[in-house]
C-alpha cells in the first residue's frame with residue numbers, strides 16, 4: 003500500500019497530465035471522465051472513501067478505514083509525475099474511482115493503488131486508470147510499478163495480470179506482491195485496443211439495436227423533418243416509439259409526454275430534431291432520464307460558425323455528463339434494418355441486407371442510399387455521421403465487425419480525425435470484413451512545410467493511399483466505384499490473385515475489357531492448351547479460347563454455363579468477367595444463367611444491348627466498371643495475403659536502447675531538430691543500416707589524416723547548421739584522391755562557409771550505381787510513413803516513390819521497391835550490372851521498424867542509398883528528432899473540461915469544429931523545402947450539409 007511522500011514539485015508535470023483529462027468508454031459502453039485530481043476534488047474524494055463498503059475499504063487500506071484521510075486526498079501532492087500522480091474517474095458528477103502511484107524514495111519505481119465505488123466494480127474503471135498511470139510513469143522515467151494486494155482481492159489481481167505489461171508476482175504473508183515492467187516489450191496498447199473495441203460496440207447497441215425510441219421534435223407540421231422521421235419509424239420499427247412534445251397532446255395518433263422523464267419506460271435512443279438552440283437542453287433532459295444515446299438531426303452547430311462551435315461543445319459536454327453517445331449533429335439519421343429502425347427523413351426505406359454504410363455527408367448519404375436501393379443492394383446499417391462530434395467511423399468499424407448481418411462496410415469520408423487510431427482499428431477490422439472508402443479532397447499532410455526529400459515526397463495524397471493500403475481499406479474513386487466493389491464482395495470472396503478470364507460473345511467489348519484489365523494490373527492469362535481443348539468440346543471451332551474467350555454471336559446459355567463452370571474449376575484463373583451483348587435481331591435472347599454461389603473464383607457480368615441474366619453474379623453497365631471492381635477486389639486479396647506474411651524482424655537491433663538514445667540525442671539536436679551527422683550515423687549503425695565509412699574532422703590536418711585512414715578516393719562534406727541538401731549548397735566535394743586535394747578541399751569549404759563551418763565529415767567515396775532514397779516521416783495527418791524511391795539530387799523532380807505506413811513487412815517492403823519505375827535499373831536493364839534487391843528491402847524494413855517504435859524520430863532521410871553488386875550502402879543521411887507526446891491509449895473524441903485535451907478516439911484536434919472548418923477551406927498549398935518551393939497544389943474538399 004503506497005505511503006505518502008510530500009517531496010513532490012507541484013506544477014512541473016501539468017503538460018503531461020492535462021493530456022489524460024478526457025472521456026473514456028467503460029466495458030458497459032458508458033462514457034466516464036478520467037482526469038488528474040485538483041483542488042475542487044477534496045470533498046468528493048473524502049466522500050468517496052467514506053462511502054466505500056467495508057470489503058472495498060479492507061482491500062484498499064488493508065484494514066479498517068484510516069482515521070485520518072487527509073494524506074490520501076491532498077491534491078497538492080499529486081501534480082508531479084516523478085513523485086506522485088492521482089487520477090480520478092467521474093460518472094457525471096459522481097466520483098467512482100481513484101488510482102494513484104507514489105514513487106518509492108531513491109528508486110525508479112512507484113507503488114500503485116486503486117479504489118472503485120462498489121456500484122461500478124467490474125466495469126473496467128481500475129483498468130483504464132492503470133493504463134494511464136503506466137504511461138505517465140513511463141514518461142517520468144520510471145521503470146516499474148509495484149503493488150501489494152490481498153490474496154483474496156481476485157478482481158485487482160486480474161487487472162494487474164491482464165493489463166498488458168510484463169508482470170511478476172509472488173505470495174508472502176497473505177499478500178500478493180506484483181511488479182509491472184515499464185521498460186520491456188508489452189501488449190499494453192493491443193490490450194487497450196481490445197477493451198476499447200468491446201466498449202465502443204457496447205456503446206452503439208442502444209442506437210443500432212434499440213428497442214424503444216423517443217422522437218423529440220415531431221410537431222404539428224406533417225411536412226417537418228421530425229414528422230417524417232416519426233412516420234418512417236412507425237412504418238418500419240419493431241420496437242416501441244414514443245413522442246415528447248411540450249405542448250401538443252397527440253402527434254399522428256401517438257399520445258405525447260411533456261418531458262422524457264414523464265414516459266413510463268426509459269427509451270434506449272432519442273431522435274432529436276428541434277432547433278439548435280434547444281438541443282443541449284433536450285439532451286440534458288434525456289440524460290437525466292437515463293437515455294443512453296441520441297441522434298441529433300438538427301443543424302446549426304460547428305458547420306455554422308463560431309456560435310455553432312460553442313453550441314456543439316456544450317452539446318457534447320451535456321452528453322458526457324450522463325454517459326451518452328451522440329450521432330451527429332447536423333446529420334441525416336441512422337438505419338438498422340435488423341430491428342427495423344429507420345430514424346431518418348429519407349423518403350424510401352432501405353431493403354434489409356448485408357452492406358453497412360457510414361457517410362460523413364448527409365447529401366452523399368442520400369445518394370448512396372438511393373443508389374443502393376436502385377441496385378437492389380440490401381443494407382444492414384446506415385449511419386449519417388454529420389459533424390462527427392462523437393460517434394465516428396472508428397466506432398462503426400468495430401460495430402460492423404461484430405455484427406453478423408454485415409458482410410461489407412462502406413465509408414464516405416471527408417476527414418480522418420486520428421489516423422493512428424484509424425490505422426489500428428481499420429487494420430484489425432479489415433482482416434474480418436471487406437472495407438471500402440471514398441475519401442474526398444486531398445490529405446492535409448503537406449500543410450507542414452516539408453524539410454527533407456522524404457517529407458516532400460510523402461506530403462501529398464499518397465499518404466492517404468499508404469494509410470488505406472496499410473489497413474486493407476479499399477480506396478474507391480467514385481460513388482459508383484464504391485457501390486460496384488460492394489456489389490462484388492458482399493457475396494463473393496476476394497480473388498486470391500490477379501489472373502482474370504474474359505468471356506463474351508463479341509470481340510469489341512472483350513478488347514475493351516482486356517485494355518481495362520491491363521490498366522488496372524489484372525493479368526489476362528493465356529489458358530493452358532489442355533484447358534482450351536476441354537473448352538473446345540462445347541463451343542464452335544471458330545471460337546477464340548486462349549483468353550479473351552470469344553464464344554461468338556451464336557453462343558447459347560448452356561454454352562456459357564459450361565464454359566464458366568469449366569474455367570472456375572480449372573485453377574488457372576482467380577477472377578472472371580462475363581461480357582455479353584444481346585445480338586438478337588428480334589426478341590431478346592434467353593437470359594444467361596449466372597448463378598455464382600459458393601465459388602472461389604470471383605466473377606462479374608456486363609450485360610449490353612438489353613441482354614438479361616438470372617443468378618447471383620453482380621452486373622455492371624460497362625466492361626471498365628466491372629474490371630475496376632475486380633481489380634479492387636484483387637487488391638484486397640493481395641492485402642490479406644500480405645498480413646498473413648511474417649512482419650519484418652531485426653533480431654540484431656535493440657529497439658529499447660535505440661529509443662533511449664534518441665531521447666537523449668533530442669536534448670542536444672540543432673534548434674530545428676536535425677541531428678549532427680555523427681549522431682545520425684551512430685543511430686543508423688545501431689539500426690543495422692550500412693553506412694559508407696566516415697569520420698569527423700575539425701582541422702585541415704585532421705581531414706588529411708582521416709582521409710588517409712579511410713582511403714582515397716574520398717568525399718568531404720561541410721557540416722553547417724541549417725543546411726539540409728548539401729549538394730545544392732555547395733557543401734560537398736567529391737573525387738578527392740590524395741592528401742593535397744584534401745587540404746585544398748578543406749580550404750575551399752572554409753572560404754565558402756566561414757565561421758558557420760562547425761566541422762567536416764570525411765567519408766569514403768562509394769562507386770557509381772543506381773541512387774535510391776529511403777526515408778521516414780511522422781506525418782501529423784497520417785502517421786509514421788516510409789518512403790522508398792529514386793534518390794539523388796533529382797528525387798523530388800522524378801517523384802518516383804512508394805509510400806507505406808510503418809511498420810512494413812518483408813512482403814510490403816519488396817512490393818514497394820518493385821513498384822518503382824526505376825526498378826529495372828536494379829535488375830540488369832540494357833546490360834547494366836544487376837543489383838541485389840535484398841539489402842535495399844532490408845533497409846526499408848529497418849526504417850519502418852524505427853519509425854513505428856521510436857516516436858521521437860520526426861524525419862529520416864537516407865539519400866542517396868547507392869546500390870552496387872558488392873553491397874548497398876547509405877552515403878548521406880539526415881535525422882530530425884522531436885519530443886514524442888505522451889497521451890492516453892483510449893479516449894472519446896471531445897473532452898469536456900476547460901483547457902482539457904482531446905482523447906483522440908476520432909480526431910486529433912481539441913476543437914470539435916476544426917474538421918468542419920477545414921472542410922470549408924479550399925486554398926492553394928505551397929510545399930516548401932529548405933531551399934525553395936517545390937510545388938503548389940490545391941486541397942479540395944467537399945462540404946455537403948445534411949438537409
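Numbering (the working numbering), first residue to last: 3 to 949. Backbone N, C-alpha and C fix where the C-beta goes; we use that ideal spot for every residue, glycine too. Given the structure is predicted, the values throughout are model-derived calculations rather than measurements.
Exercise. Which of the three DSSP states, helix, strand or coil, is assigned to residue 302?
Worked result: Residue state, collapsed to three classes: coil.
For this session: Output the distance between the C-alpha atoms of residue 293 and residue 341, rounded to the nearest integer angstrom.
Result: 18 Å
Problem set entry | Identity of the residue in 240, 241 and 216 nearest residue 229 by Cα | It is 216 whose Cα lies nearest to the Cα of residue 229.
Problem set entry | Same chain, Cβ closer than 7 Å to residue 291, five either side skipped, listed in chain order | 262, 263 and 268
Exercise. Can residue 326 and residue 289 be called in contact, C-beta distance under 7 Å?
Worked result: Closer than 7 Å, so yes.
Exercise. Does the distance from the CB of residue 439 to the CB of residue 413 come in under 7 Å?
Worked result: In this structure, residue 439 lies near residue 413, with their beta-carbon atoms less than 7 Å apart.
For this session: With DSSP collapsed to three states, give me the class of residue 848.
Result: In the structure shown, residue 848 sits in a helix (DSSP, three-state: H, G or I).
Problem set entry | Close Cβ partners of residue 657 (< 6 Å) along its chain, the five nearest in sequence each way excluded | So the qualifying residues of the chain are 855.
For this session: Report yes if the C-beta distance between residue 618 and residue 599 is below 7 Å; otherwise report no.
Result: yes
For this session: Please name the residue, chosen from 870, 873, 878 and 852, that lies closest to residue 864 on a Cα-to-Cα basis.
Result: 878
For this session: Answer yes or no: do residue 804 and residue 821 have a C-beta to C-beta separation smaller than 7 Å?
Result: yes
Exercise. So, residue 971 versus residue 118, is the Cβ gap smaller than 7 Å?
Worked result: Shown here, the chain extends from 3 to 949; a query on residue 971 therefore has no answer.
For this session: Give a yes or no on whether the C-beta atoms belonging to residue 787 and residue 867 are separated by under 7 Å.
Result: no
Exercise. Residue 619 by DSSP, collapsed to three states: which one?
Worked result: Residue 619 sits in coil when the DSSP states are folded into three classes, being neither helix nor strand.
For this session: Just grab the DSSP bridge partners of residue 546 for me.
Result: 552
For this session: To the nearest angstrom, report how far apart residue 1 and residue 83 are at their CA atoms.
Result: Because residue 1 is not part of the residues shown, which for the chain are 3 to 949, the question remains open.
For this session: Would you kindly report the start and end of the unbroken beta strand (DSSP E) that includes residue 708?
Result: Premise fails: residue 708 lies in the alpha helix (DSSP H), 702-712, not in any beta strand (DSSP E).
Exercise. Taking the DSSP output, what are the residues bridged to residue 116?
Worked result: 101
Exercise. Taking just the CA atoms, how far does residue 745 sit from residue 874?
Worked result: 29 Å
Problem set entry | Contact set for residue 739: own chain, Cβ-Cβ below 6 Å, skip 5 residues either direction | 714 and 715
Exercise. Just the Cα atoms here: how many angstroms apart are residue 21 and residue 132?
Worked result: 15 Å
For this session: Note down, one range per segment and in chain order, each alpha helix (DSSP H) of at least 4 residues found wholly within the segment 317-376.
Result: 364-376
Exercise. Cβ atoms of residue 49 and residue 120: under 7 Å apart, would you say?
Worked result: No, these two residues do not count as a Cβ contact at 7 Å.
Exercise. Measuring CB to CB, does residue 355 end up less than 7 Å from residue 381?
Worked result: Residue 381 sits close to residue 355, with the two beta carbons spaced by under 7 Å.
Problem set entry | Rounded straight-line distance, which links the Cα of residue 631 to that of residue 339 | 26 Å
For this session: Return the first residue and the last residue of the beta strand (DSSP E) that residue 179 is part of.
Result: 177-183
Exercise. Any idea what DSSP makes of residue 193, helix, strand or coil?
Worked result: helix
Exercise. Can you name, in chain order, every residue of its own chain whose Cβ lies under 6 Å from the Cβ of residue 93, other than the five neighbours on each side?
Worked result: 34
Exercise. Does the Cβ-Cβ distance between residue 253 and residue 220 come in under 7 Å?
Worked result: yes
Exercise. Terminal residues of the continuous alpha helix (DSSP H) containing residue 389?
Worked result: Element bounds for residue 389: n/a, residue is neither H nor E.
Exercise. When DSSP labels each residue in this structure, what does residue 94 get in the three-state scheme?
Worked result: coil
Exercise. Any idea what DSSP makes of residue 68, helix, strand or coil?
Worked result: Residue 68 falls in the coil class under three-state DSSP.
Exercise. In or out: residue 125 buried (at least 16 other Cβ within 10 Å) or exposed?
Worked result: Label assigned to residue 125: buried.
Problem set entry | Stretch-stretch touch, CB-based, cutoff 8 Å, three pairs: the segment 51-65 with the segment 103-110 | no
Problem set entry | Environment of residue 840 [buried if 16+ CB atoms lie within 10 Å] | By the neighbour-count criterion, in which a residue is buried when 16 or more other Cβ atoms sit within 10 angstroms of its Cβ, residue 840 is exposed.
Exercise. Does the distance from the C-beta atom of residue 317 to that of residue 346 stay below 7 Å?
Worked result: no
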